Amino acid sequence: MLGTLGVSRSALSLVVRRLHRPTILAPTYSLVRCKPIACGLHTSQLARTESPPSSGSKQPALDEETIEANKLLNWDEFFRLRKHRRMWERVVSLPCALLGLSVGAGVFATLPIDPQQMFFGFDPIIVFSASTVFCMVIGYALGPTAGRFWYRVGSPKMANALRIKEAEFFKHVKANRSDPSLSSASNTLPDFYGEKIDSLVAYRRWLRKQREHERKGTFKLGLKK
Numbered sequence: 007m008l009g010t011l012g013v014s015r016s017a018l019s020l021v022v023r024r025l026h027r028p029t030i031l032a033p034t035y036s037l038v039r040c041k042p043i044a045c046g047l048h049t050s051q052l053a054r055t056e057s058p059p060s061s062g063s064k065q066p067a068l069d070e071e072t073i074e075a076n077k078l079l080n081w082d083e084f085f086r087l088r089k090h091r092r093m094w095e096r097v098v099s100l101p102c103a104l105l106g107l108s109v110g111a112g113v114f115a116t117l118p119i120d121p122q123q124m125f126f127g128f129d130p131i132i133v134f135s136a137s138t139v140f141c142m143v144i145g146y147a148l149g150p151t152a153g154r155f156w157y158r159v160g161s162p163k164m165a166n167a168l169r170i171k172e173a174e175f176f177k178h179v180k181a182n183r184s185d186p187s188l189s190s191a192s193n194t195l196p197d198f199y200g201e202k203i204d205s206l207v208a209y210r211r212w213l214r215k216q217r218e219h220e221r222k223g224t225f226k227l228g229l230k231k
């Protein structure tokens, strides 16, 4: 009887020790199971990060070109050079207009004039004079194109950076301008292409006008409904 009680006590104590033993195997096993997965994720992320760009994609070249333009020009310098280029275009327009006037006068002054022969019911002198003035207008209209070309020849690197920065600027204008369908006779869309923007202060003012135009147009549209 005493032997049976001793065996039962030892068995009971063994069961109690097993119940109170801390279960550390399950967490260790789960961490060991999760570790290779985590390592695999980090390895794949590093592989994607360090993988070189494909040779067929053209987007990285464009990004490098834009980054180079941003290094050469910030927005303040962009507006300053843009204003300088416009002034250069206007200055070149004057000699182009004089050149057109001189060419037109030289051509029409050498033509024989018959006072009795009319051109479309007008006197030949009036027609030749109007044609000379028209040549001057054509020269003045071609002046900005000639001025921009001369500006590119004088500083090709800066002109290229200005062109890239201007394309980025027009993207901002297109994304932030108000909806033209909200315009009316009393609520016209201000400066659709952003041509009057010549500084960061003017750009913020342009943004406020666009939001005001959008607010007025939306309010009137709500009243109509």
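Using my numbering, read the sequence shown as starting at 7 and increasing by one per residue.
Idealized CB from N, CA, C, for every residue including glycine.
Remember, predicted model here, so these are calculated numbers, not experimental data.
According to DSSP, simplified to helix, strand and coil, what is residue i?
{"i": "F126", "result": "coil"}
{"i": "T116", "result": "coil"}
{"i": "P162", "result": "helix"}
{"i": "P150", "result": "helix"}
{"i": "P101", "result": "helix"}
{"i": "H219", "result": "helix"}
Can you give me the start and stop residues for the alpha helix (DSSP H) that residue i sits inside?
{"i": "L79", "result": "No alpha helix (DSSP H) contains L79, which DSSP labels as neither H nor E."}
Starting from the C-beta of residue i, find all residues in its chain whose C-beta is less than 6 Å away, skip the five residues before and the five after it, and write them out in chain order.
{"i": "K215", "result": "P196"}
{"i": "K180", "result": "none"}
{"i": "T138", "result": "G110, A111 and F114"}
Which residues in the same chain have their Cβ closer than 7 Å to the Cβ of residue i, if we skip the five residues on either side of it in sequence?
{"i": "T224", "result": "L188"}
{"i": "Q122", "result": "none"}
{"i": "W6", "result": "Because residue 6 is not part of the residues shown, which for the chain are 7 to 231, the question remains open."}
{"i": "L3", "result": "Given a span of 7 to 231 for the chain in the structure shown, any question on residue 3 remains unanswerable."}
- Between the segment 149 to 168 and the segment 91 to 109, are three or more C-beta pairs nearer than 8 Å? Look at the beta carbons and you see the segment 149 to 168 touching the segment 91 to 109: at least three pairs across the two are nearer than 8 Å.
- Message: Report the start-end ranges of each alpha helix (DSSP H) in the segment 178 to 214 that is 4 residues or longer and not cut off at the edges.
- Response: Within the segment 178 to 214, no alpha helix (DSSP H) run of at least 4 residues lies entirely inside it.
- Query: Is the segment 166 to 185 close to the segment 75 to 87, with three or more CB pairs under 8 Å?
  - Reply: With the cut-off at 8 Å, the segment 166 to 185 and the segment 75 to 87 touch.
- Between the segment 181 to 189 and the segment 209 to 224, do three or more beta carbon pairs fall short of 8 Å? Contact between the segment 181 to 189 and the segment 209 to 224 is present, because at least three Cβ pairs lie under 8 Å.
- Query: Below 8 Å, can you find three or more Cβ-Cβ pairs linking the segment 102 to 112 to the segment 137 to 144?
  - Reply: Judged by Cβ distances under 8 Å, the segment 102 to 112 makes contact with the segment 137 to 144, as three or more pairs qualify.
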